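Presented below is the structure to which this report refers.
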Amino acid sequence: MPDVIEKPSNSAVWWGFVFALSAMLCNAVFFINAPAQRSIPWLSLLLAVVALIFVGRGLWRVFAPPRIYRGRILSAILSIFSLLLVAVAVFAFFSARALPVSAGAPQVGQKAPDFTLADTTGRPVSLDQLFAPAADSTSPKAVLLIFYRGYW
Amino acid sequence: MAISVDAPEISRDLSKKAGYNFTILSDPNAEVIRRYDLLHVGGGPDGHDIARPAEFLVDSSKVVRWVNFTEDIRVRAKADEMLAAAKGMP
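Chains D and F are the protein sequences, given in the same order. Under the numbering used here, the first residue of the first sequence carries the number 1, and numbering increases by one thereafter. Under the numbering used here, the first residue of the second sequence carries the number 1001, and numbering increases by one thereafter.
What follows is the structure, encoded as structure tokens:
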């Protein structure tokens, strides 16, 4: 039996950090137009939960008896960073989904309400005008209305 | 065609920067956004009221043929979904 037993390093806190970072990096995927966009918010939340489990396990290993793992200070610092990343990822998840129900919005088969609004040159444009014939005298069959948040 | 609460100048800069050639309309008082029940109260920076993201494909008799209301502002309708909806029209 050796006199000095090398304490094992606490890999759980590192895994916690990797998962927390991944949960955050999921948000970058929305800018590259990747497939399966709808599942990415859930993936981000799942990664955040897995990160929490590893952080908890890592902290337990170094602070709870019999304290056979080394790196208490590093584990604590890493855990704080991980928890911050998890908090941001979870906040992003809930704030991005805090949207009004819009039950009164026009549905398929209903009429789109009329409107007249200024275009980028200040000229008023109505919904009817959007269906006006183009220069080659063909009328558009449909118009796509995109409402966006603005402040870009 | 796109609508937001941004002023025409802001939309013009965006359009120029991104190279858009479609019409962008300004609804600074969110009147039309309200009419479409898309107002996101306090959803913008500094608690400004803005539009929640939504897309409508409207035919020439102004009947809605396809809609998309995202559940997450990070997830938007994809161009191929919108093109497929447009191609599916009579």
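Every residue gets a Cβ at the ideal spot worked out from N, C-alpha and C, and that includes glycine. No experiment lies behind these values; they were computed from the predicted model shown.
Are Leu59/D and Phe17/D touching if we call contact CB-CB under 7 Å? no
Can you tell me which of the three DSSP states Arg70/D falls into? strand
Stretch pair the region 121-128 of chain D + the region 1068-1077 of chain F: three plus CB contacts closer than 8 Å: no
CB Pro133/D to CB Arg1052/F, shorter than 7 Å? no
Write down the C-beta distance between Arg1034/F and Thr120/D rounded to the nearest angstrom, noting that I regard them as a contact closer than 8 Å. Not confirmed; about 22 Å, so no contact.
For Ile1024/F, I'd like the list of residues in its chain whose CB is within less than 6 Å of its CB, leaving aside the five on either flank, ordered along the chain. Ala1002, Ser1011 and Ser1015
Alpha carbon to alpha carbon, how far is Pro113/D from Ala34/D? Give it in angstroms, no decimals. 33 Å
Can you have a look at Ala103/D and say buried or exposed, based on whether 16 or more other CB atoms are within 10 angstroms of its CB? exposed
Would you kindly report the start and end of the unbroken beta strand (DSSP E) that includes Ala124/D? Residue identity differs from the one stated: residue 124/D is Pro in this sequence, not Ala. Unbroken beta strand (DSSP E) run through Pro124/D: Pro124 to Ser126.
Sequence-distant residues of its chain with Cβ nearer than 6 Å to Ala1077/F (five each side left out): Glu1055 and Asn1068
Interface flag, Gln129/D vs chain F, CB-CB below 7 Å: no
Partners in chain D for Gly1044/F, counting only beta-carbon separations shorter than 9 Å: Arg149, Gly150 and Tyr151
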